[in-house]
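Visitor:
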Ligand SMILES: Nc1ncnc2c1ncn2[C@@H]1O[C@H](COP(=O)(O)OP(=O)(O)O)[C@@H](O)[C@H]1O
Ligand SMILES: [Mg+2]
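Protein chains in written order, with the numbering used here: chain R, 390 to 758; chain Z, 831 to 1079.
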């Protein structure tokens, strides 16, 4: 496999692995937790590194997971005091733990590979050079194998506990009342977020971990109506961000991880604006259609009320509507055009009159009011 | 005597502040009981600690003579409507089916027979045509009925409902009351956090007056007195006397 293909494959696997637990973070309004955990695993990694003296041992992952769980536990402790909301508690815990990690590195490991730039951004471009071999046989890039294993763990966990995860995400109290141990499941899920973060972190850095855990699920949330479709769409958006990020980076000669993070952000923004139903544009359009519908009703009712009366000549002139109904010119024209299209009114010069359809519509609208 | 709900010396505190203090409550089976008290009186906390969701500082709760953990399958719970996220990506039928998760246990997924049961209880609350509706599109009263259907599908003996009338229009309120009274006729016990004092005598046969301590509990005609209401609601005497004037009419 070419290095370019390997990098893209790693990027896709990382994105998909992050999107899966990310769905539940977004649904439980705990997006901040991905940020917290991806930073707070640092002291775990550093301490595991001091103990083993080796950056690629499995102990590093366990140390990181322990750091992640410590974050979750501390946040929970702070929240339980009732003094702080969850997001504030997260905001206190993770900089504290992250800075412990940074201080440890600065004090004791100033010259090892653990430099802050690599920690924050990672460097995907070098991933193909760090390979795992066994008995002289090349098994593939380390990042790919590590993330592949974590991906399988995430898929298995979410499939096996799908029903339980859905319940704790939607209604934690009912989950507790039915005996589903929501606190335990929460810790397991956060443990997985930590393990995913550390695996991804090594390949792509902590900023990308946060972006990939939050942006694709948040985009999918705007596009889908069910939990399963949301998971599938998150995975697809994650993978698309990964590949698009790779090519953008290739084209601009920029950091792959940074480009992937940007692409997931760009996709999220586009979806936020363009999503059918929940996107800003369609919400705006719906509002404007409602206004127009209301405008048509007002217009036919107004014409109906003055129909056949002596003042009709004057009341039913186009220019008069703007005064009388206090509409601006543009809106009045739109309402008239739309009423003409619907066959509610006729226009003779500046005079408007109702059709039979329009009269019926006016009567039924009056009943509704 | 076998009580459906038997709460003794229950004390609950968040940090040091006690929100329930030495509360006793005995509810005989087949009773429809209102739990009333001002905001922050501890009504929700009472229900949550009965369901093992909050660990009490002291006291015990028995459901038909046994601790809740042994009675899960016979107890249904309707949380306050506002306690969940109604923008969650799921539909009405799915939410009602959650009522059956307890019976399914771990790992097992709901199937066709669960969906049929869920549809039946949706029909009981008059919402069967909303089965595939996204829950974010429901009105407050519809949300409440979905929660009710989710409790009905559990086919429990004891029901705890936290403010099931909140945000519900008059017609829906009547329909819900009728459902609750049907449950009682089937011998079930229903405890309901209720806010409208005026309708207590009409809807319920027992009442508990709660404000951190239990002020009184028992049959409505015995304990729903002006004195007890005054103790429960403290300073808001004018409101209480207006109410008792209304009741005398
Ligand atoms: N998780 C919590 N942490 C701290 N205080 C709480 C918590 N939940 C409720 N309280 C407090 O306990 C008191 C009783 O609350 P609650 O049982 O919800 O009352 P009610 O349902 O009667 O309005 C209130 O003062 C409330 O602020
Ligand atoms: Mg309450």
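For glycine and all other residues, C-beta sits at the position ideal for the given N, C-alpha and C.
Would you tell me roughly how many angstroms separate the C-alpha atoms of residue 1062 (chain Z) and residue 849 (chain Z), rounded to the nearest one?
Guide: C-alpha separation (whole angstroms): 14 Å.
Visitor: Could you have a look at residue 1048 (chain Z) and say whether DSSP puts it in helix, strand or coil?
Guide: Of the three classes helix, strand and coil, the one that applies to residue 1048 (chain Z) here is strand, per DSSP.
Visitor: Measuring CB to CB, does residue 530 (chain R) end up less than 9 Å from residue 399 (chain R)?
Guide: Going by C-beta atoms, residue 530 (chain R) is nearer than 9 Å to residue 399 (chain R).
Visitor: Using a threshold of 8 Å, is the CB atom of residue 885 (chain Z) nearer than that to any non-hydrogen atom of ligand 1?
Guide: No, since every heavy atom of ligand 1 falls outside the 8 Å radius drawn around the Cβ of residue 885 (chain Z).
Visitor: Roughly how many angstroms separate the alpha carbons of residue 642 (chain R) and residue 411 (chain R), rounded to a whole number?
Guide: Each residue's alpha carbon lies about 29 Å from the other.
Visitor: Please name the residue, chosen from R:688, R:396, R:618, R:426, that lies closest to residue 587 (chain R) on a Cα-to-Cα basis.
Guide: Out of R:688, R:396, R:618, R:426, R:426 has the C-alpha closest to the C-alpha of residue 587 (chain R).
Visitor: When the Cα atoms are used, what is the spatial distance from residue 432 (chain R) to residue 453 (chain R)?
Guide: Computed Cα separation, rounded: 8 Å.
Visitor: Measure the C-alpha to C-alpha separation of residue 752 (chain R) and residue 690 (chain R) and round it to an integer number of angstroms.
Guide: So the two alpha carbons sit approximately 8 Å from each other.
Visitor: To the nearest angstrom, how far is the alpha carbon of residue 722 (chain R) from that of residue 608 (chain R)?
Guide: Whole-angstrom Cα-Cα distance: 37 Å.
Visitor: Are the C-beta atoms of residue 750 (chain R) and some chain Z residue less than 9 Å apart?
Guide: Not closer than 9 Å to any Cβ of chain Z, the Cβ of residue 750 (chain R) fails to qualify, so no.
Visitor: Once the 5 residues before and after residue 910 (chain Z) are set aside, which same chain residues still bring their CB inside 6 Å of it?
Guide: Excluding positions up to five away in sequence, the list reads 992, 993.
Visitor: By Cβ distance below 8 Å, which residues in the same chain neighbour residue 934 (chain Z) in space, the five residues on each side in sequence not counted?
Guide: Correct list, in chain order: 940, 944.
Visitor: Locate the beta strand (DSSP E) running through residue 523 (chain R), then write down its first and last residues.
Guide: Residues 520 to 523.
Visitor: Residues of the stretch 903 to 920 of chain Z in Cβ contact with chain R at a cutoff of 8 Å, in chain order, please.
Guide: Of all residues in the stretch 903 to 920 of chain Z, 905, 907, 909, 913, 914, 915, 918, 919, 920 have a Cβ within less than 8 Å of some Cβ in chain R.
Visitor: Among residues of its own chain, excluding the 5 on either side of residue 964 (chain Z), which ones have a beta-carbon nearer than 7 Å to its beta-carbon?
Guide: Result list for residue 964 (chain Z): 921, in chain order.
Visitor: With 8 Å as the C-beta to C-beta threshold (strictly closer), list the residues of the stretch 981 to 1003 of chain Z near chain R in chain order.
Guide: So the list is empty, because no residue satisfies the distance condition.
Visitor: Can you list the alpha helix (DSSP H) stretches of 4 or more residues lying completely in the stretch 517 to 589 of chain R, in chain order?
Guide: Whole alpha helix (DSSP H) segments, 4+ residues: 531 to 549, 551 to 559, 561 to 566.
Visitor: Where do the ends of the alpha helix (DSSP H) carrying residue 652 (chain R) lie?
Guide: Residue 652 (chain R) -> alpha helix (DSSP H) spans 645 to 663.
Visitor: How long is the line joining the alpha carbons of residue 983 (chain Z) and residue 405 (chain R), rounded to whole angstroms?
Guide: Rounded to the nearest angstrom, the two C-alpha atoms are 37 Å apart.
Visitor: What's the C-alpha gap between residue 1054 (chain Z) and residue 1032 (chain Z)?
Guide: So the two alpha carbons sit approximately 12 Å from each other.
Visitor: Please report the residue range of the alpha helix (DSSP H) in which residue 1057 (chain Z) lies.
Guide: Counting along the chain, the alpha helix (DSSP H) containing residue 1057 (chain Z) begins and ends at 1056 to 1063.
Visitor: Ignore the nearest five residues each way along the sequence and tell me which others in residue 533 (chain R)'s own chain have a CB closer than 8 Å to its CB.
Guide: Cβ neighbours of residue 533 (chain R) beyond the five flanking positions: 395, 398, 399, 402, 516.
Visitor: Go ahead and label residue 518 (chain R) buried or exposed: buried means 16 or more other beta carbons lie within 10 angstroms of its beta carbon, across all protein chains shown.
Guide: Exposed, because fewer than 16 other Cβ atoms sit within 10 Å of the Cβ of residue 518 (chain R).
Visitor: Alpha carbons only, please: which of R:659, R:728, R:694, R:456 is nearest the one belonging to residue 485 (chain R)?
Guide: Looking at the Cα atoms, R:456 is the closest of the given residues.
Visitor: Residue 660 (chain R): buried (16+ other C-beta within 10 angstroms of its C-beta) or exposed?
Guide: Residue 660 (chain R) comes out buried.
Visitor: Roughly how many angstroms separate the alpha carbons of residue 732 (chain R) and residue 550 (chain R), rounded to a whole number?
Guide: Each residue's alpha carbon lies about 57 Å from the other.
Visitor: Please list the partners that residue 634 (chain R) has in chain Z, where partner means a Cβ-to-Cβ separation under 9 Å.
Guide: None at all; the shortest Cβ gap to chain Z is about 26 Å.
Visitor: Flag residue 555 (chain R) as yes when its Cβ comes closer than 8 Å to any non-hydrogen atom of ligand 2, and as no otherwise.
Guide: No, the beta carbon of residue 555 (chain R) sits no closer than 8 Å to any heavy atom of ligand 2.
Visitor: Confirm, please, whether the CB-CB distance from residue 1020 (chain Z) to residue 1010 (chain Z) is below 9 Å.
Guide: Yes.
Visitor: Do the CB positions of residue 589 (chain R) and residue 526 (chain R) come within less than 9 Å of each other?
Guide: The answer is no: Cβ separation not under 9 Å.
Visitor: Among the candidates R:710, R:392, R:594, whose CA atom is the shortest distance from the CA of residue 407 (chain R)?
Guide: Closest by alpha carbon: R:594.
Visitor: Using a Cβ-Cβ cutoff of 9 Å, what residues of the stretch 414 to 441 of chain R are near chain Z? List them in chain order.
Guide: Correct list: 416, 417, 418.
Visitor: Got a sec: which bits of the stretch 605 to 634 of chain R sit with their beta carbon under 8 Å from any beta carbon on chain Z, in order along the chain?
Guide: Here the close residues are 610, 613, 614, 615, 616, 618, 619.
Visitor: Taking a Cβ distance cut-off of 8 Å, strictly less, list which residues of the stretch 566 to 594 of chain R are near chain Z, in chain order.
Guide: Result list: 566, 567, 568, 569.
Visitor: Out of R:592, R:548, R:638, which has the shortest C-alpha to C-alpha gap to residue 616 (chain R)?
Guide: Closest option to residue 616 (chain R), Cα to Cα, is R:548.
Visitor: Can you give me the C-alpha to C-alpha distance between residue 1060 (chain Z) and residue 953 (chain Z), rounded to a whole angstrom?
Guide: About 41 Å.
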